[in-house]
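Novice: Its first residue numbered 1, the first sequence is counted upward by one per residue in UniProt numbering. One structure, as structure tokens, below. Some questions next.
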Amino acid sequence: MGRAPCCDRAAVKRGPWSPEEDDKLRDYIQRHGTGGSWITFPKKAGLRRCGKSCRLRWLNYLRPDIRHGGFTDEEDALIFSLYSKLGSKWSLIASQLERRTDNDVKNHWNTKLKKRLAAFSSPPSSSSSFLPAPAPMAVAVAHPLALAVPTVKAETYAYDDFMAPPAALHVFDHPFGNGADQPGSTTSASAASSMSNWSSAADNAGAADGFFADFCNAGAADQFLGGFYYPLDPTLSLV
DNA sequence: AAGCCAGTCAACCGCAGGGGT
DNA sequence: GACCCCTGCGGTTGACTGGCT
């Protein structure tokens with residue numbers, strides 16, 4: 001016996017939302033909120049939709065406080081950085097980016113960043129043109145993160161989880177080179193110069209897939225992310 | 001103009017886990 | 001502790017679009 005469906009699939013509409021449905025959903029939430037239960041929401045709002053579909057539509061598209069597309073170089077770098085540490089924890093990664101949804105970040109990764117990484121892991125002749133545009137603000141705006149408390153329930157993150165080795169993520173300048181010379185850096189020169197930092201970053205992330213591990217092992221991460229590192233907030237406490 | 005193909009992104013699906021009883 | 005309901009998450013799918021032949 002399978003799990004009971006969350007709603008009657010024959011009775012609910014599926015597929016793309018019409019402008020009228022969007023209006024209904026938006027209007028209802030603006031006047032009454034979600035009502036505390038997404039399961040009962042469609043009936044109350046007069047929508048022939050599954051509650052999960054309503055929730056997704058609101059959270060990923062209709063919410064007024066979100067942005068779509070137009071990812072900046074700084075955001076790309078931050079996504080790379082967080083992915084190297086966290087793996088595919090999209091909701092957690094999205095929570096570190098201003099007004100981005102997990103779905104948006106995930107799509108951006110799968111359609112653009114992942115390919116950029118893959119191209120960078122390929123032979124040098126084909127990778128040189130894939131250098132990201134310089135991000136002159138990368139260090140200067142190293143704390144664009146309004147580190148909201150993540151909503152992830154599956155794991156509890158502590159300060160050490162973010163700041164412990166591999167140190168690449170909080171090296172101010174260069175993970176494998178002179179980053180250790182930066183004031184306040186916790187890396188040793190030998191550790192910072194070791195490619196294994198990135199390998200273990202991928203391993204520790206648990207969810208890092210093959211190409212990313214290859215990318216790390218190949219040292220491409222060094223070339224790709226040089227100058228993009230965001231020192232994580234030392235006051236970070238994710239519980 | 002038509003067909004094909006690749007890229008993008010909204011939406012769906014199934015599962016894990018929290019919270020209430 | 002066991003069970004159930006619900007939410008949130010990550011992976012995947014499929015519709016749509018624009019570029020190319």
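Glycine included, every Cβ here is placed at the ideal spot set by N, Cα and C. These figures come from a predicted structure and were not determined experimentally.
Whole angstroms is fine: what's the gap from S81's alpha carbon to H68's?
Specialist: On the first sequence, position 81 is the one that residue 81 refers to. On the first sequence, position 68 is the one that residue 68 refers to. C-alpha separation (whole angstroms): 21 Å.
Novice: Could you check where the alpha helix (DSSP H) with I29 kicks off and where it finishes?
Specialist: Start at 1 with the first residue of the first sequence, and residue 29 comes out as number 29. 19-32 is the extent of the alpha helix (DSSP H) around I29.
Novice: Give me the Cα-Cα distance between A191 and I39, rounded to the nearest whole angstrom.
Specialist: As a first step, residue 191 is located in the first sequence; it is residue number 191 there, counting from the start. As a first step, residue 39 is located in the first sequence; it is residue number 39 there, counting from the start. Because the pLDDT of A191 is 32, which lies under 50, any placement of that residue in the model is unreliable, and the question is left without a value.
Novice: Quick check on DSSP: helix, strand or coil for E75?
Specialist: Indexing the first sequence from 1 puts residue 75 at position 75. Three-state result, E75: helix.
Novice: For a test of the three-state rule: what should DSSP assign to R99, helix, strand or coil?
Specialist: Position 99 of the first sequence, counted from the start, is the residue given in the question as residue 99. Reduced to three states, the DSSP call for R99 is coil.
Novice: How would you call K85, buried or exposed, if buried means at least 16 neighbouring beta carbons within 10 angstroms?
Specialist: Taking the first sequence and counting its residues from 1, one reaches residue 85 at position 85. Looking at its Cβ environment, which holds 16 or more other Cβ atoms inside 10 Å, K85 is buried.
Novice: What three-state label does DSSP hand K115 in the structure shown?
Specialist: In the first sequence, residue 115 corresponds to position 115, counting from 1. Reduced to three states, the DSSP call for K115 is helix.
Novice: On the three-pair Cβ rule with 8 Å, is the stretch 20-34 touching the stretch 42-54?
Specialist: The answer is yes - the stretch 42-54 touches the stretch 20-34, with three or more Cβ pairs under 8 Å.
Novice: Just curious, the alpha helix (DSSP H) that P42 is in, first and last residue?
Specialist: Looking up residue 42 in the first sequence gives position 42. First-last of the alpha helix (DSSP H) with P42: 41-45.
Novice: Just the C-alpha distance for S91 and T101, rounded to the nearest angstrom, thanks.
Specialist: Residue mapping note: residue 91 aligns to position 91 of the first sequence, counting from 1. Residue mapping note: residue 101 aligns to position 101 of the first sequence, counting from 1. Distance between the alpha carbons of S91 and T101 is about 7 Å.
Novice: Which same chain residues, not among the five before or five after G35, have their C-beta less than 7 Å away from its C-beta?
Specialist: If you number the first sequence from 1, residue 35 lands on position 35. Once the five neighbours on either side are set aside, the close Cβ partners of G35 are F41, K44.
Novice: So the alpha helix (DSSP H) C54 belongs to, where does it begin and stop?
Specialist: Sequence index remark: in the first sequence, residue 54 carries index 54 (1-based). Looking at the DSSP string, the run of the alpha helix (DSSP H) that includes C54 is 51-57.
Novice: Could you give the C-beta distance for Y75 and L97, rounded to a whole number, given that I count them as a contact under 8 Å?
Specialist: The residue given as residue 75 occupies position 75 in the first sequence. The residue given as residue 97 occupies position 97 in the first sequence. Per the sequence presented here, residue 75 reads as Glu, with Tyr not at that position. About 6 Å; that satisfies the 8 Å criterion.
Novice: Go ahead and pull the three-state DSSP assignment for A94.
Specialist: Mapped onto the first sequence, residue 94 falls at position 94. Three-state DSSP puts A94 in a helix.
Novice: Work out the CA separation of Y83 and K115 for me, nearest whole Å.
Specialist: By one-based count along the first sequence, residue 115 stands at place 115. By one-based count along the first sequence, residue 83 stands at place 83. Rounded to the nearest angstrom, the two C-alpha atoms are 14 Å apart.
Novice: Excluding five sequence neighbours on each side, which residues of the same chain lie with their C-beta closer than 6 Å to the C-beta of R55?
Specialist: In the first sequence, the residue the question calls residue 55 occupies position 55. Answer for R55: W38, listed in chain order.
Novice: If you drop the 5 nearest sequence neighbours on each side, which residues of the same chain put their C-beta closer than 7 Å to that of D65?
Specialist: Taking the first sequence and counting its residues from 1, the one referred to as residue 65 is at position 65. Here the set comprises R99.
Novice: Between A10, S18, V12, L113, which has its C-alpha nearest Y61's C-alpha?
Specialist: One-based indexing of the first sequence puts residue 61 at position 61. Selection A10, S18, V12, L113 evaluated against Y61 yields S18 as nearest (Cα-Cα).
Novice: Measuring CB to CB, does R49 end up less than 8 Å from K13?
Specialist: Taking the first residue of the first sequence as 1, we reach residue 49 at position 49. Taking the first residue of the first sequence as 1, we reach residue 13 at position 13. The answer is yes: Cβ separation under 8 Å.
Novice: So, are the CB atoms of L117 and I79 less than 8 Å apart?
Specialist: What you label residue 117 is simply residue 117 of the first sequence in a count that begins at 1. What you label residue 79 is simply residue 79 of the first sequence in a count that begins at 1. No, the pair does not count as a contact, with Cβ atoms beyond the cut-off.
Novice: Using only the alpha-carbon positions, how far apart do F71 and G33 sit?
Specialist: As a position in the first sequence, residue 71 is number 71, starting the count at 1. As a position in the first sequence, residue 33 is number 33, starting the count at 1. Roughly 30 Å separates the two Cα atoms.
Novice: Should D8 be labelled buried (16 or more other beta-carbon atoms within 10 Å of its own) or exposed?
Specialist: To locate residue 8, count along the first sequence from 1; it is residue 8. Answer is exposed; the Cβ neighbour count stays below 16.
Novice: Applying the criterion that 16 or more other CB atoms from any shown protein chain within 10 Å of the CB defines a buried residue, is E20 buried or exposed?
Specialist: Locating residue 20 in the first sequence gives position 20, counting from the first residue. Exposed.
Novice: Identify, in the order they occur along the chain, each residue of the same chain with its Cβ nearer than 8 Å to the Cβ of A11, setting aside the five sequence neighbours on each side.
Specialist: Within the first sequence, the letter at position 11 stands for residue 11. Contacts found: R48.
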